[in-house]
Amino acid sequence: MKRIQLRSKEINKELEKYKVNLNKKDQVELLEDKYKLININKKNSFFYYENKPVPTLKYLQDHDTLKKITVDMGAVKFVINGADIMRPGIVEIEEGIKSKELVTIIDENNKKPLAVGIALFDGEEIKKITSGKVIKNIHYVGDEIWKIER
169 MKRIQLRSKE INKELEKYKV NLNKKDQVEL LEDKYKLINI NKKNSFFYYE NKPVPTLKYL
229 QDHDTLKKIT VDMGAVKFVI NGADIMRPGI VEIEEGIKSK ELVTIIDENN KKPLAVGIAL
289 FDGEEIKKIT SGKVIKNIHY VGDEIWKIER
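Spelled out as structure tokens, the structure:
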């Protein structure tokens, strides 16, 4: 695995939309192997998807940076096996979600992050839809990125 030390100011611009504010004391590395990861203070915090940084589930457990979609408990097993999120499994949609925006998928009981996805429609549109795929699942509990995190 290739490791590149980065200065916090080099990466701050790329991560500013996630409200990440790194200082000189933060240790930031870019890890490159099968995946390209940003490691902040020895924790895999972001991975690159389509050349853009995306928060990892581990990072999202401690930092509330993405809007949320809540799924019922029946959908959980499908989500953590990599399935895209279907409209019938959704019980709550946070206000203001835009099409193509990154979202965190959480379960209705524990409210823990299960997956990171890309909204295929605006939140208001999702509310009106009754069936079909509405979120593309790009990172979930148990996938290769999750296993690198552990």
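In my numbering, the protein residues as written are 169 to 318.
Glycine included, every Cβ here is placed at the ideal spot set by N, Cα and C.
Just so we're clear, the structure is a prediction, and the values are computed from it rather than from any experiment.
Query                                                                                                                                                                                          : Result
Starting from Gly242, trace the alpha helix (DSSP H) both ways and give me its first and last residue.                                                                                         : 241-247
Leaving out five residues before and five after Asn249 in sequence, what residues of the same chain have Cβ atoms less than 8 Å from its Cβ?                                                   : Tyr308, Gly310
Using CA coordinates, which residue listed in Lys268, Glu312, Ile274, Asp252 is at the minimum distance from Val259?                                                                           : Ile274
Is it the case that the Cβ atoms of Val196 and Leu228 are separated by a distance below 7 Å?                                                                                                   : no
I believe Asp194 touches Ser176 by the beta-carbon criterion, under 8 Å. Please report the beta-carbon distance rounded to the nearest angstrom.                                               : 5 Å
Please classify Gly257 as buried or exposed, where buried requires at least 16 other C-beta atoms within 10 Å of its C-beta.                                                                   : buried
Compute the distance between the beta-carbons of Ile303 and Gly285, then report whether it is under 7 Å.                                                                                       : yes
Check whether the Cβ atoms of Glu262 and Lys235 lie closer than 7 Å to each other.                                                                                                             : yes
Please return the same chain residues whose Cβ sits closer than 8 Å to the Cβ of Lys210, not counting the five positions on each side in sequence.                                             : Gln195
Determine which residues share a DSSP beta bridge with Phe197 and list them.                                                                                                                   : Sequence check: residue 197 is Glu here, not Phe. Gln173, Asn207, per the DSSP bridge assignment.
Buried or exposed: where does Ile172 fall if 16 or more other Cβ atoms within 10 Å of its Cβ makes it buried?                                                                                  : exposed
Starting from the C-beta of Leu190, find all residues in its chain whose C-beta is less than 6 Å away, skip the five residues before and the five after it, and write them out in chain order. : Ser176, Asn180
With burial defined as no fewer than 16 other Cβ atoms inside 10 Å of the residue's Cβ, what is the status of Lys298: buried or exposed?                                                       : As written in the sequence, residue 298 is Thr, which differs from the Lys given in the question. That one is exposed.
Express the C-alpha separation of Lys279 and Lys220 in angstroms, rounding to a whole number.                                                                                                  : 26 Å
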